[in-house]
Structures are given as C-alpha cells and as structure tokens.
Amino acid sequence: MARIQDSLERLWQAKAAALKWLGDTLIRWTPTVATLIGGIWVYQQFSLSGGSDWTLNPSIETEVLRYQGDLALVVVHVRVKNPLNKVVDIHPANGKFDVRIKKTPTDQASATVIDPDDDGELIAHASLLPEDGYEFLPNADFDNVTSVVLPTGMLVSITADIQYHDDYVSVSRIVRVKPEDEKDTAPPGSSRRSARATAHAK
Numbered sequence: 001m002a003r004i005q006d007s008l009e010r011l012w013q014a015k016a017a018a019l020k021w022l023g024d025t026l027i028r029w030t031p032t033v034a035t036l037i038g039g040i041w042v043y044q045q046f047s048l049s050g051g052s053d054w055t056l057n058p059s060i061e062t063e064v065l066r067y068q069g070d071l072a073l074v075v076v077h078v079r080v081k082n083p084l085n086k087v088v089d090i091h092p093a094n095g096k097f098d099v100r101i102k103k104t105p106t107d108q109a110s111a112t113v114i115d116p117d118d119d120g121e122l123i124a125h126a127s128l129l130p131e132d133g134y135e136f137l138p139n140a141d142f143d144n145v146t147s148v149v150l151p152t153g154m155l156v157s158i159t160a161d162i163q164y165h166d167d168y169v170s171v172s173r174i175v176r177v178k179p180e181d182e183k184d185t186a187p188p189g190s191s192r193r194s195a196r197a198t199a200h201a202k
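Take the sequence shown: its position 101, counted from the start at 1, is 101 in UniProt numbering, and no numbers get skipped.
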C-alpha cells in the first residue's frame, strides 16, 4: 500500500512539474509568438498583397433646383463609404477625386449604347480632393457636394472618379435637368472598377 501511495505521489509531482514547465514556457514565448504572427501579417499585407489595397464604394445622388429663367442648379452628392478597417489616405501626389459632367447625345439611333466615359461633350469638371488630401476613415460614410448651373431639359451624365495609385473606382448617373417638382426618373448608372481594384474588393 505504501508503495502505491509513493508511486501516486511521484506521479502527481511529475504532473505538477510538467504543468509548471508548460506554464513557464507559455509565459516566456507568448510575446515572441505574437510578434512573429504580427510580422507575418504585415509581410502578407504589404509585400504580397500590396500596400495600396483599398476599397471605396461611391454613389451619386442629385437634386435639381430652380435657378433663374431656363437655368437650373444641379446639386451633386457623391457619397463614399469605406467598408474596410483601414484608412484610405488620398492626396494630390497619389490620387484624384473628380466629378465630370457630360452632355449626353440625343441624336443616336435606337439600341445605341452610350458610354458615360467615352460619349458626350464635357461641359463641367470639378475636383473634390482638397489640397491637403482626404482621409477616408475606416467603416465611415462621407458626403461630398458640388453643384453646376445647366439649362433645363438637358440630358447629362455625371461621373465620379476616385483614383488611388494605379487603381480607380468610378460611378455614373444619367440625369435629366428639370426642376425638383418634376421628378428625375432616370436610373443611376452602374459602378465600374479597374481589374485590380475589383480584385481587392472584400
């Protein structure tokens, strides 16, 4: 009986020693392992995937207000959402944030495809990027406003382009310039991304 008790005591002592050694090892190596994991993530993020990975989701909304005579004031809201957990910092040295307004051709035959980027006369252009840059904060929405005076009745395409390094995202909307009491029923255009920007979308 004494031998059994002695064996059990030795077993428990060995188990306690093993647990102590394991605890000491975890305490000693946890910071190193955490640092190693963080380093691997940084390497993957900036060396393998590229440091300029980003996603911004723009959309366009418009208001058409009576101005004077046969002129209307077209108020353009470019709303941008940053869905990622990182800041997208765009400044004049690495990107652009522009709005282009083109007169949509009205003399095309039926079934003619009109591309807002390629077709139509450019009648207005505005930069929404401040001189000191624009920080799109993580998981935030932004509303950027500009306006232009146009003749009532004109059909125009409004395009917002955001360029960041070699990538870009673009969205367009077709608008009939008519006062607010005559609702604009033209559907918004579709968003387009460069191949690389699309690949980075989450």
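Ideal Cβ positions, reconstructed from N, Cα and C, are used throughout, including at glycine. Note that the coordinates shown come from a computational prediction; the quantities given were computed from them, not determined experimentally.
By the three-class DSSP mapping on this structure, what secondary structure does residue i have?
{"i": "D166", "result": "coil"}
{"i": "K86", "result": "coil"}
{"i": "K102", "result": "strand"}
{"i": "I27", "result": "helix"}
{"i": "K81", "result": "strand"}
{"i": "L22", "result": "helix"}
{"i": "G50", "result": "Bear in mind that the predicted position of G50 carries a pLDDT of just 45, short of 50, making it too unreliable to give a figure here."}
{"i": "E61", "result": "strand"}
{"i": "E180", "result": "coil"}
Can you check whether the CB of residue j is closer than 8 Å to the CB of residue i?
{"i": "K178", "j": "T152", "result": "yes"}
{"i": "L128", "j": "N82", "result": "no"}
{"i": "V169", "j": "H77", "result": "no"}
{"i": "S157", "j": "G133", "result": "no"}
{"i": "L150", "j": "A72", "result": "yes"}
{"i": "I101", "j": "V148", "result": "yes"}
{"i": "E61", "j": "R79", "result": "yes"}
{"i": "V87", "j": "Y164", "result": "no"}
Starting from residue i, follow its DSSP beta bridges and name the residues at the other end.
{"i": "T146", "result": "V76"}
{"i": "E131", "result": "In the DSSP output, where bridge partners are listed per residue, E131 has none listed."}
{"i": "K96", "result": "Q163"}
{"i": "D141", "result": "K81"}
In angstroms with no decimal places, state the Cα-to-Cα distance between residue i and residue j.
{"i": "H91", "j": "V175", "result": "29 Å"}
{"i": "E180", "j": "Y67", "result": "11 Å"}
{"i": "N139", "j": "V171", "result": "20 Å"}
{"i": "G95", "j": "V75", "result": "24 Å"}
{"i": "R173", "j": "V99", "result": "11 Å"}
{"i": "N57", "j": "D161", "result": "11 Å"}
{"i": "D143", "j": "I37", "result": "38 Å"}
{"i": "T112", "j": "T106", "result": "11 Å"}
{"i": "residue 203", "j": "T35", "result": "Any property of residue 203 remains undetermined from this structure, which presents the chain solely from 1 to 202."}
{"i": "D166", "j": "E135", "result": "18 Å"}
{"i": "W12", "j": "L84", "result": "51 Å"}
{"i": "E9", "j": "W21", "result": "18 Å"}
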